[in-house]
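Contents: one structure, followed by commentary.
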Amino acid sequence: MSRRRFSGRSNSPCYRRLAAEPLESRQLLTITVNTLVDEADGSITDGDVSLRDAIALAPSGETIDFSVTGTILLTLGELVIDKDLTINGPGAELLTIDGIGNDPTPDEPLNGDGSRLFHIAGNPGETPVALKNLTLTGGRSDSSGGAVAAEHLFMYRCVVTGNYARGNTLGGGVYITSSAGRVSIIQESVFANNYATGGGGGIGALSYADGNIVILDSAVHGNQMPVSGIGGGVSLNTRDNGRIFASGLMIYENTALNGGGLAISTNYVPEGEPTPSIHVTRSTMIENQADRGGGMTIQSRSGTVRIDAVTMSSNIALSTGGGLAIWPLAVGTISLSNATITDNVAGSIRSFNSAGAGIWQDVRAEILLQGSMVAGNHHGNGTPDDVLMSEEGYGFDPTSHHNLIGVDTGLTGITNGTNG
Numbered sequence: 058m059s060r061r062r063f064s065g066r067s068n069s070p071c072y073r074r075l076a077a078e079p080l081e082s083r084q085l086l087t088i089t090v091n092t093l094v095d096e097a098d099g100s101i102t103d104g105d106v107s108l109r110d111a112i113a114l115a116p117s118g119e120t121i122d123f124s125v126t127g128t129i130l131l132t133l134g135e136l137v138i139d140k141d142l143t144i145n146g147p148g149a150e151l152l153t154i155d156g157i158g159n160d161p162t163p164d165e166p167l168n169g170d171g172s173r174l175f176h177i178a179g180n181p182g183e184t185p186v187a188l189k190n191l192t193l194t195g196g197r198s199d200s201s202g203g204a205v206a207a208e209h210l211f212m213y214r215c216v217v218t219g220n221y222a223r224g225n226t227l228g229g230g231v232y233i234t235s236s237a238g239r240v241s242i243i244q245e246s247v248f249a250n251n252y253a254t255g256g257g258g259g260i261g262a263l264s265y266a267d268g269n270i271v272i273l274d275s276a277v278h279g280n281q282m283p284v285s286g287i288g289g290g291v292s293l294n295t296r297d298n299g300r301i302f303a304s305g306l307m308i309y310e311n312t313a314l315n316g317g318g319l320a321i322s323t324n325y326v327p328e329g330e331p332t333p334s335i336h337v338t339r340s341t342m343i344e345n346q347a348d349r350g351g352g353m354t355i356q357s358r359s360g361t362v363r364i365d366a367v368t369m370s371s372n373i374a375l376s377t378g379g380g381l382a383i384w385p386l387a388v389g390t391i392s393l394s395n396a397t398i399t400d401n402v403a404g405s406i407r408s409f410n411s412a413g414a415g416i417w418q419d420v421r422a423e424i425l426l427q428g429s430m431v432a433g434n435h436h437g438n439g440t441p442d443d444v445l446m447s448e449e450g451y452g453f454d455p456t457s458h459h460n461l462i463g464v465d466t467g468l469t470g471i472t473n474g475t476n477g
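For what it's worth, my numbering labels the leading residue of the sequence shown as 58, then goes sequentially.
In structure tokens form, the structure reads like this:
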């Protein structure tokens with residue numbers, strides 16, 4: 058019997074000769090900052106990588122991390138980002154980015170000669186710029202966003218404190234916008250002791266042209282607005298068919314002219330066009346102060362404002378609306394459900410006879426109130442007063458139900474024992 062010698066070849070169409078081939082060269086998409094010095098030497102390969110150089114030279118989609126801890130003192134102006142980047146710090150307690158070095162007169166934060174920290178503008182990608190695990194302080198801006206102004210942002214576990222925005226501005230800490238179907242997100246962050254002269258001492262948000270903004274599980278406290286400001290802690294604003302969703306916010310000890318804790322505003326949209334919406338849930342406003350709307354103000358000119366599972370307590374209005382003031386010209390759909398509005402004060406200093414210590418309602422739209430308690434609120438002199446509806450107000454939606462209302466003045470739409 059003859060043997061066939063195997064030659065290593067085959068005529069089979071399934072046969073494929075095995076061979077070792079060199080792999081394609083690939084790099085991990087990470088640049089590590091290894092110095093706290095703010096410098097722009099145009100290199101990230103000389104062994105000395107600054108945050109400014111990393112941002113300037115990183116390709117889109119890159120992650121920038123840090124091998125150093127401490128404080129990066131900015132001295133060369135704001136950091137501009139115009140591409141998809143993730144800047145991931147080692148932890149807010151370990152790394153601070155401080156803009157005070159850009160301000161020649163740091164003891165005069167409102168004179169406008171400093172700069173913000175990050176300006177995120179013109180980001181063309183679908184992925185937002187991400188700022189994670191950082192403390193941001195010392196921003197001084199004469200436009201919106203004391204620390205950060207961003208068109209498309211994901212902020213996660215950051216502390217934003219001690220920043221200023223002056224002029225007709227939004228966002229003493231952060232000014233965040235979204236449009237064109239994109240989503241901007243703030244999550245598990247702290248906004249403390251920031252200052253703005255227009256709106257949103259801690260956060261100023263604007264969603265428009267089919268944009269979406271989401272703010273989750275964050276604390277906003279100790280932020281301030283001057284005599285003309287709206288939304289001492291947070292200012293949520295929509296235009297066109299923008300949408301904002303906020304959940305899990307703790308808003309306390311903020312001050313403003315109107316809306317000490319939170320201010321909500323939707324603009325007018327012509328009939329038949331897509332309308333905006335703002336939804337706030339699972340949130341608390343306590344110990345905030347304003348002239349009107351110690352805890353919250355709502356100015357809804359169209360669309361839908363939905364407030365549910367919210368507590369407003371121990372807020373102070375110097376005139377009206379200790380817990381909540383619902384503003385003139387509001388004509389959109391406004392609903393409050395499962396809300397607790399108690400122990401708020403109206404007229405604490407300016408007038409002991411102001412009204413609406415719980416809710417002050419002066420709008421041309423019926424408000425739907427469901428499963429809520431508005432009780433235990435009072436004037437500065439101790440007189441109980443929970444709900445006031447002005448002569449211009451349209452009252453509450455007759456379909457309101459399962460509410461506990463204490464003392465009301467001129468209330469219509471809700472009848473005790475029927476739908477109260």
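For every residue, glycine included, the Cβ atom is placed at its ideal position computed from N, Cα and C. On a predicted model such as this, the values are computed, not experimentally measured, just so you know.
Query: On the DSSP letters alone, give me the boundaries of the beta strand (DSSP E) that residue 111 sits inside.; Result: First-last for residue 111: 108-114, but that is the alpha helix (DSSP H), not the beta strand (DSSP E).
Query: According to DSSP, is residue 413 part of a helix, a strand, or is it coil?; Result: coil
Query: Got a sec, what are the start and stop residues for the beta strand (DSSP E) residue 127 sits in?; Result: 127-130
Query: Going by the CB atoms, is the gap between residue 349 and residue 320 shorter than 8 Å?; Result: no
Query: Could you check how far apart the C-beta atoms of residue 119 and residue 86 are, in whole angstroms? I think they sit under 8 Å.; Result: 5 Å
Query: In chain order, what residues of the same chain have a beta carbon less than 7 Å from the beta carbon of residue 83, not counting five sequence neighbours either side?; Result: Since pLDDT at residue 83 reaches only 40, below the 50 mark, its modelled position is unreliable, and the value read off the structure follows with that caveat. Once the five neighbours on either side are set aside, residue 83 has no close Cβ partner at all.
Query: Measure how close the beta-carbons of residue 393 and residue 445 come, nearest whole angstrom, since I'm counting them as under 8 Å.; Result: Going by Cβ atoms, the distance from residue 393 to residue 445 rounds to 15 Å, so no, they are not a contact pair.
Query: At which residue ranges does the segment 232-310 contain complete beta strand (DSSP E) runs of 3 or more residues, listed in the order of the chain?; Result: 240-244, 247-249, 260-264, 269-273, 276-278, 291-295, 300-304, 307-309
Query: On the CB-based measure, 16 or more other CB atoms within 10 Å of its CB, does residue 209 come out buried or exposed?; Result: buried
Query: When you compare only the Cα positions, how much space is there between residue 270 and residue 369?; Result: 23 Å
Query: Ends of the beta strand (DSSP E) at residue 211?; Result: 210-213
Query: Consult DSSP for residue 159 and reduce its assignment to one of helix, strand or coil.; Result: helix
Query: Is it buried or exposed for residue 150, if we count other Cβ within 10 angstroms and need 16 for buried?; Result: exposed
Query: From this set, 358, 461, 414, which residue's C-alpha is nearest residue 395's C-alpha?; Result: 461
Query: Sort out for me which residues DSSP pairs residue 377 with in a bridge.; Result: 349
Query: So what's residue 197 in DSSP terms, helix, strand or just coil?; Result: strand
Query: Taking all protein chains shown into account, decide if residue 98 is buried (16 or more other Cβ within 10 angstroms of its Cβ) or exposed.; Result: exposed
Query: How far does the beta strand (DSSP E) with residue 122 in it reach, from first residue to last?; Result: 119-123
Query: Do residue 138 and residue 112 count as a contact pair if the criterion is CB distance below 8 Å?; Result: yes
Query: Given that a residue counts as buried once 16 or more other Cβ atoms are within 10 Å of its Cβ, and exposed if not, what is residue 102?; Result: exposed
Query: Apart from the five residues on each side of it in sequence, which residues of its chain come closer than 6 Å, Cβ to Cβ, to residue 281?; Result: 252, 258, 312
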